[in-house]
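Numbering (the UniProt record's numbering), first residue to last: 1 to 246.
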């Protein structure tokens, strides 16, 4: 695609104009996620401004997560921040598809095991009852986005033990077998990733992650799943929609 550099004017600070022009090109798909972008020196020449001004504009986009600055390689488009509606039911795939990003997923681990004390309490089942444990890595545009650990009573959907989780999402599988979440409870914490999570998400251990804990229920109020996810904070923007009371 042809990159178009718009003319700079004196109506607002120059670094803000440059920042917004680059942002617009990323949001409109001129720069796709993963595309190499012109260097700060090249951008300075294109705009006819000094490099420090360009550096300030790019740094703002790096801090927002829209641009990646990789030492020794240059600048790369990272794409828009993903919006996560805290008040919406649905899994990762449905959420990301709404934003036109291709959802990828990898099944890291799956097993059937007794619930034990902790998850028996969370799922309202007996300690010796079996549950299905899933650990998955989710990606958007081939970039790590979140790690999810899901715990589901085996009796809710035994088919989850064998279904190909790289082809079918959790919610697609549940719905196909007549299991439809009607309500949910969700909490959010900010935490630091363990070494394994940091490696999978391709972030430093000093980069905070968003930890969501989510329990969904069927129409009778029975627990369907407990889900804990570790999501990259640099790839997210949280949104809450309120409906005024009449």
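A virtual CB, placed ideally from N, CA and C, is assigned to each residue, including glycine.
Spatial distance of residue i from residue j (CA atoms)
i	j	result
residue 186	residue 72	41 Å
residue 61	residue 67	6 Å
residue 117	residue 145	30 Å
residue 97	residue 38	The predicted model places residue 97 with a pLDDT of 49, which falls under 50 and marks its position as unreliable, so this point remains unresolved.
residue 77	residue 114	45 Å
residue 178	residue 108	26 Å
residue 248	residue 209	Outside the modelled stretch of the chain, which goes from 1 to 246, sits residue 248, for which no answer is possible.
residue 141	residue 230	18 Å
residue 226	residue 53	48 Å
residue 215	residue 44	50 Å
residue 63	residue 166	32 Å
residue 10	residue 35	30 Å
residue 200	residue 207	13 Å
residue 192	residue 184	25 Å
residue 74	residue 31	14 Å
residue 2	residue 46	For residue 2, the predicted model reports a pLDDT of 42, less than 50, meaning its position is unreliable; a value from the coordinates is still stated below. Spanning the two alpha carbons is a distance of roughly 14 Å.
residue 195	residue 170	26 Å
residue 154	residue 198	30 Å
residue 12	residue 28	22 Å
residue 122	residue 159	21 Å
residue 221	residue 156	13 Å
Anticipated Cβ contact below 8 Å, residue i with residue j, distance rounded
i	j	result
residue 203	residue 228	So it is not a contact: roughly 18 Å between Cβ atoms.
residue 120	residue 111	That belief does not hold up - the Cβ atoms of residue 120 and residue 111 are roughly 16 Å apart, past 8 Å.
residue 218	residue 181	7 Å
residue 175	residue 33	With 8 Å as the limit, residue 175 and residue 33 do not qualify as a contact, their Cβ atoms being about 29 Å apart.
residue 161	residue 190	About 34 Å; that fails the 8 Å criterion.
Cβ pair residue i, residue j closer than 8 Å
i	j	result
residue 150	residue 163	no
residue 105	residue 136	yes
residue 224	residue 152	yes
residue 212	residue 188	yes
residue 8	residue 17	yes
residue 148	residue 138	yes
residue 235	residue 65	yes
residue 14	residue 49	yes
I want to know whether the segment 41 to 57 touches the segment 17 to 33 - three or more CB-CB distances under 8 Å.
A contact is defined here as three or more CB-CB pairs under 8 Å, and the segment 41 to 57 meets this definition with respect to the segment 17 to 33.
Can you give, in chain order, each stretch of the alpha helix (DSSP H) that sits fully within the segment 175 to 222 and has at least 4 residues?
DSSP runs (the alpha helix (DSSP H)) wholly in the segment 175 to 222: 195 to 201.
Considering only residues of the segment 102 to 154, which uninterrupted beta strand (DSSP E) runs meet the minimum length of 3 residues and lie entirely inside it, listed in chain order?
Segments of the beta strand (DSSP E) lying fully in the segment 102 to 154: 103 to 114, 130 to 140, 143 to 153.
Taking only runs that begin and end inside the UniProt domain "HTH gntR-type" (12 to 80), name each unbroken alpha helix (DSSP H) of 4 or more residues, in chain order.
Segments of the alpha helix (DSSP H) lying fully in the UniProt domain "HTH gntR-type" (12 to 80): 14 to 27, 40 to 47, 51 to 64.
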